[in-house]
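Novice: Note that the protein sequences, when read in sequence, are chains X and L. Using numbering that gives the first Met the number 0, the first residue of the first sequence is number 0, and each one after it goes up by one. Using numbering that gives the first Met the number 0, the first residue of the second sequence is number 0, and each one after it goes up by one.
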Amino acid sequence: MDPQYVGIVTGGPSYGSTANSNGYSFNDVFFPGSTVGSAANEALRWEKQLQVNAGFDMTFFKRRFSLTADYFQKKVDGLLFTPSASLYLGTVPIPTANIGSTKSSGIDLTLGYNQTIGKSFKLNTSFTFTTAKNEVTATNSDGTAKILGGYYFNGQSQSVTVFEKGQTPGYFLGYKTMGLFQNAAEIAAAPVQTGAVPGDIRFVDVNGDGVISAADQTKIGDPFPDFTIGWNLGLEFKNFDFTAFTYASVGNDVYSALERNANYSNKYRAILARWTGENTTNDSRYPRYSFTDANSNIRVSDRYVEDGSFIKIKNLQLGYTFPAKMTKNVFSRLRFYVQVKNAITLTKYSGFDPEIAGGILDSGIDRGAYPQARTYSVGLDIKL
Amino acid sequence: MKKLIIATLGLALTATFFSSCKKWVDYNPHEDYRITDLDYLKSESDYRTMAVSVYTPLQWRNQAVPVGDIASDNAVSGGENASDVLSLQQIDDYTLTPVNSTLTELWQAAYEGINRANYMHQYKQTNKAGETINFAGKDALYGEIYFLRAYYYFHLVRFFGDVPLFTDKRLGLSESQSLQRAPKADVYKQIETDLTAAIATLPAVQVEKGRITKYAAQALLGKVYLYQSKFDAAATVLESVITSNAFSLVSNFSGMYCNRRKRTRISFEIQYSNTSPYYNWGGVTRGQGNLSVQQCGIRGLNGSAAMPYAAGWSTNLPTANLANAYAAGDQRKAATILDIEAYKTANPSFGITYQVAPFKNTGLYNQKYLPRKGETSGQVELNYLNNFRTIRYAEVLLMAAEAFNRSTSPNDTKAQGYLNQVRQRAFSDNLHNITATGATLKQAIWDERRLELAMEGDRFFDLVRTGQAATKITGFQSGKNELFPIPQQEVTISGLTQNPGY
């Protein structure tokens with residue numbers, strides 16, 4: 000972009016639009032104003048992606064087994080995104096910029112097996128295993144830039160995720176907890192934590208300076224799974240066929256940003272297990288309940304981070320193909336089937352659905368995403 | 000024994016390169032904007048229109064006034080419950096952390112004002128195209144701009160202490176994360192420079208009421224001197240406002256807050272209006288209306304058509320401590336504080352019903368800015384017309400009184416004279432004049448500031464400035480709470496240092 004060049008906005012008050020009003024009233028008479036309406040990015044360039052795959056396919060045991068293995072590496076250079084900028088730049092919208100570079104590398108393995116047993120039974124199945132490592136390899140010239148995201152509201156706007164060199168893109172940044180303060184003596188003996196009373200969360204003094212402050216925030220989670228597994232199963236017996244697809248994700252963290260934390264609002268039943276007196280619980284997810292929160296128990300911390308690992312049976316389908324002799328006068332093929340999508344989710348995650356889609360800084364932030372619907376369907380495949 | 004048959008063995012190497020032949024992205028801002036900065040500041044009208052927008056962030060900083068009282072012994076945050084207006088609750092309770100949406104907004108809006116002023120400053124001599132645009136009144140227009148820049152920096156320095164300081168241009172994306180906090184003394188020096196420049200060029204009277212005048216700049220400079228304990232300089236500049244005889248006290252104190260007679264004897268007001276109705280709930284302080292008026296209203300208020308007040312959100316409630324500070328006969332009490340139960344009892348014909356403030360109820364409301372029927376428009380909550388009385392003549396008198404009392408060669412007679420002008424209006428008699436001198440007089444002037452300026456957003460800063468905060472404010476920690484925390488984003492993203500204790 001030509002650095003010499005930025006847009007100017009002029010005009011009246013914005014009647015309900017999202018644009019800022021730039022005018023002012025003198026003695027009840029409105030005067031339109033004008034101001035710089037866009038910030039120039041002097042060095043914007045295209046994002047570059049470089050993907051390398053190396054792998055092989057092979058079959059063995061009379062072609063009953065097949066194995067596909069792929070090593071992949073994807074580098075994104077000059078990732079285009081809206082960066083976080085210093086607030087002292089004012090309120091002009093921040094333009095898209097090349098915020099940095101990322102690298103993900105990993106392997107994809109697919110093992111397949113198929114066999115026909117006797118005349119009428121066919122089996123084919125395959126497992127896919129994927130694991131990848133994701134890392135931010137560069138940000139600004141000195142590598143100090145941090146981009147914040149994953150904003151949510153629980154009384155105030157909070158930011159969870161960070162894009163930072165040497166880390167997983169969009170890792171969760173917050174306070175580590177270590178149980179609850181059981182009594183005043185524990186508070187007195189602990190690093191200074193303003194506002195804490197018994198029953199409040201005890202935060203970890205990560206930097207060891209004797210005070211719990213913003214400098215103690217550290218990595219508390221990672222939205223990327225350690226590995227994922229997909230399992231396809233296909234069975235055919237005489238005129239019946241059955242397919243199933245199961246998917247598992249292991250090691251992905253979810254930040255549960257569901258709770259609004261308003262007084263006089265509904266709470267999860269888990270609040271019944273909250274701290275109610277010395278030694279009732281030491282679980283930092285369940286501090287004392289209070290309308291006022293001088294300790295800021297609601298701050299971004301690992302109390303909201305959960306293991307989002309899951310196994311999902313994504314698809315089940317059972318079909319029956321009518322014998323050709325029955326239908327040959329009308330159809331070339333007629334198949335009847337019943338299907339269930341999103342049949343079962345097995346997870347320890349407490350929210351609705353641990354599989355949370357999102358952009359680079361929103362992955363794994365569960366703001367109450369609507370869960371994927373389970374659908375039952377019955378159908379006919381007709382070929383004329 | 001060749002059971003293992005390798006049927007295929009392939010090695011695939013694919014490299015994809017999505018890249019244009021040009022290194023930089025071609026973008027012409029004319030695609031998105033009709034006017035770009037190369038096309039602008041080509042005429043007097045361009046300069047004048049752009050100068051208007053330097054005023055705009057004054058309105059955005061609406062919450063600075065409630066914060067100045069809520070943080071002090073004058074008012075409590077109130078609201079619907081402990082989780083309503085959380086950022087104000089934390090300021091009230093002294094549980095505030097660097098994550099505070101209200102303070103972040105005040106910080107960012109002040110810097111937007113500074114950047115807007117800087118942009119005008121940058122192209123004062125020649126515009127971006129290199130042309131010189133001269134017109135009658137250009138220097139006076141820049142006087143307004145320099146006043147506003149000084150005002151924004153003064154607010155930043157009062158709230159946050161040392162802050163990033165830049166004056167030569169509007170910062171762009173490449174300057175993000177490039178600054179550190181400048182010492183408070185440097186910021187004050189720049190404020191003085193700007194105000195001195197403004198005083199030299201501003202007119203005594205503006206055609207459009209509400210624009211900055213020379214007197215407003217002198218009054219602000221006097222205040223800035225007081226904050227630095229430069230009492231001799233403050234006395235000189237403040238006395239020049241008084242001896243100009245441009246102002247006198249309105250005889251009826253409460254009349255000053257009657258919005259039908261806005262800005263008569265006032266030297267600087269932040270302007271609001273209900274003539275441009277606005278309804279964007281996504282940016283409640285971004286219209287032309289005064290949000291804080293709606294905030295301080297009485298919840299669920301109903302009554303006859305003759306009952307003058309409109310309902311609001313029971314935020315920023317005056318304390319009993321403030322109400323009790325007024326002596327009997329002080330007409331300012333009724334003009335500052337509305338005791339709703341007393342009012343209801345005194346006016347049975349209004350048939351008043353209301354909801355008792357559900358949180359931190361004091362039974363008292365901010366009468367100076369209480370929402371009144373017929374003073375808003377459109378989306379009623381967002382369009383109240385009440386101006387903030389930012390610097391009033393009474394404050395000029397009180398500041399002059401303090402300056403003369405604390406000068407290197409004090410003149411307590413003068414100080415008493417100015418103080419007693421204010422008191423004579425308040426009590427409508429001479430029986431309440433102060434005759435004390437020295438330190439007793441100083442304390443009397445400070446106490447008078449509270450009574451006169453209550454609910455106008457100055458109390459917290461006065462208490463800090465005069466060293467009284469720790470004894471007057473519950474929860475105030477010396478060495479920490481003199482300043483608000485730097486917004487966490489500025490620490491995380493920009494690498495600014497945090498204020499002590501946060």
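Ideal Cβ positions, reconstructed from N, Cα and C, are used throughout, including at glycine. Quick caveat: nothing in here was measured; it's all calculated off a predicted structure.
1) Would you identify the three-state DSSP class for Gln-316 (chain X), choosing helix, strand or coil?
2) Could you tell me the distance, in whole angstroms, from the CA atom of Gly-378 (chain X) to the CA atom of Ser-119 (chain X)?
3) Does the distance from the CB of Leu-316 (chain L) to the CB of Thr-335 (chain L) come in under 9 angstroms?
4) Are the C-beta of Gly-209 (chain L) and some C-beta of chain X separated by less than 9 angstroms?
5) Between Leu-194 (chain L) and chain X, is any beta-carbon pair separated by less than 9 angstroms?
6) Report the option in L:Ala-310, L:Thr-439 and L:Leu-194 whose CA atom is closest to the CA atom of Leu-381 (chain L).
7) Please list the residues of the stretch 167-181 of chain L that have a C-beta atom closer than 9 angstroms to any C-beta atom in chain X, keeping them in chain order.
8) Could you list which residues in chain X have their beta carbon closer than 7 angstroms to that of Met-255 (chain L), in chain order?
9) Gly-142 (chain L) by DSSP, collapsed to three states: which one?
10) Drop a sphere of 10 angstroms on the beta-carbon of Lys-222 (chain L), count the other beta-carbons inside from all chains shown, and report buried for 16 or more, exposed for fewer.
11) Tell me whether Pro-65 (chain L) sits in a helix, a strand or coil according to DSSP, three-state version.
12) With 9 angstroms as the threshold, decide whether the Cβ of Arg-115 (chain L) is near any Cβ in chain X.
13) Is there a Cβ from chain L that is less than 9 angstroms from the Cβ of Asp-292 (chain X)?
14) Tell me whether the stretch 211-220 of chain L and the stretch 171-182 of chain L touch, counting them as touching only if at least three CB pairs, one residue from each stretch, are closer than 8 angstroms.
15) Here's the rule: buried if 16 or more other CB atoms are within 10 angstroms of the residue's CB, otherwise exposed. What is His-154 (chain L)?
16) For Arg-373 (chain X), which residues of its own chain have a beta-carbon under 6 angstroms away from its beta-carbon, when the five flanking residues on both sides are left out?
17) Just the Cα atoms here: how many angstroms apart are Cys-20 (chain L) and Thr-193 (chain X)?
18) Please state whether DSSP places Lys-382 (chain X) in a helix, a strand or coil.
19) Between Ala-139 (chain L) and Pro-202 (chain L), which are expected to be in contact by the criterion C-beta below 8 angstroms, what is the C-beta distance as a whole number of angstroms?
20) What does Pro-94 (chain X) reach in chain L if we use C-beta pairs closer than 9 angstroms?
21) Specify, as a first and last residue, the run of the beta strand (DSSP E) that Phe-483 (chain L) falls within.
22) Return the residues of the stretch 26-37 of chain X that lie within a Cβ-Cβ distance of less than 9 angstroms from chain L, sorted by chain order.
23) Contact defined as beta carbons within less than 8 angstroms: I believe Ser-100 (chain X) pairs with Leu-66 (chain X). What is the distance between those atoms, to the nearest angstrom?
24) Kindly list the residues whose CB is nearer than 7 angstroms to the CB of Gln-216 (chain X), restricted to its own chain and excluding five residues on each side of it in sequence; keep chain order.
25) Kindly identify the DSSP beta-bridge partner or partners of Arg-210 (chain L).
26) If you reduce the DSSP assignment to three classes, tell me which class Cys-20 (chain L) lands in.
27) Whole angstroms are fine: how far does the CA of Asn-99 (chain L) sit from the CA of Val-299 (chain X)?
28) Among L:Asp-329, L:Tyr-271 and L:Asp-161, which one has its Cα closest to the Cα of Lys-208 (chain L)?
29) Report, in whole angstroms, the separation of the C-beta atoms of Arg-273 (chain X) and Pro-286 (chain X), which I expect to be a contact under 8 angstroms.
30) For a contact meaning CB atoms closer than 8 angstroms, what does Glu-130 (chain L) contact in chain X?
31) Below 6 angstroms CB to CB, which residues in the same chain sit around Leu-49 (chain X) once its five sequence neighbours on both sides are set aside?
32) Measuring alpha carbon to alpha carbon, tell me which of L:Ala-234, L:Gly-377, L:Asp-68 and L:Pro-409 ends up nearest Leu-452 (chain L).
33) Looking only at its chain, what residues have a beta carbon closer than 8 angstroms to the beta carbon of Thr-280 (chain X), apart from the 5 residues adjacent to it on each side?
34) Pick out the complete alpha helix (DSSP H) segments inside the stretch 273-334 of chain X, 4 residues or longer, and give them in chain order.
35) Taking the alpha-carbon positions, what's the Gly-209 (chain X) to Pro-190 (chain X) distance?
36) Which residue comes first and which comes last in the beta strand (DSSP E) that contains Trp-230 (chain X)?
Specialist: For this structure:
1) strand
2) 24 angstroms
3) no
4) yes
5) no
6) L:Ala-310
7) Arg-169, Leu-170, Gly-171, Leu-172, Ser-173, Glu-174, Ser-175, Gln-176, Ser-177 and Leu-178
8) Simply none; closest approach about 16 angstroms.
9) helix
10) buried
11) helix
12) yes
13) yes
14) no
15) buried
16) Asn-341
17) Confidence at Cys-20 (chain L) is low in this model, with a pLDDT of 46, below 50, so its placement is unreliable and the value that follows should be read with caution. Their Cα atoms are separated by approximately 57 angstroms.
18) strand
19) 6 angstroms
20) Leu-172
21) Neither: Phe-483 (chain L) is in no beta strand (DSSP E) and is coded neither H nor E.
22) Asn-26, Asp-27, Val-28, Phe-29, Phe-30, Pro-31, Gly-32, Ser-33, Thr-34, Val-35, Gly-36 and Ser-37
23) Incorrect: roughly 33 angstroms between the Cβ atoms, too far for contact.
24) Leu-172, Gly-173 and Tyr-174
25) L:Lys-208
26) Unreliable positioning characterises Cys-20 (chain L) in this predicted model, as indicated by a pLDDT of 46, which lies under 50. The coordinate reading is nonetheless provided below. If DSSP states are grouped into helix, strand and coil, Cys-20 (chain L) belongs with coil.
27) 14 angstroms
28) L:Tyr-271
29) 7 angstroms
30) By Cβ distance, chain X contributes nothing, its closest Cβ being about 15 angstroms from Glu-130 (chain L), past 8 angstroms.
31) Lys-74
32) L:Asp-68
33) Leu-179, Ala-272, Arg-273 and Trp-274
34) 323-326
35) 5 angstroms
36) 226-236
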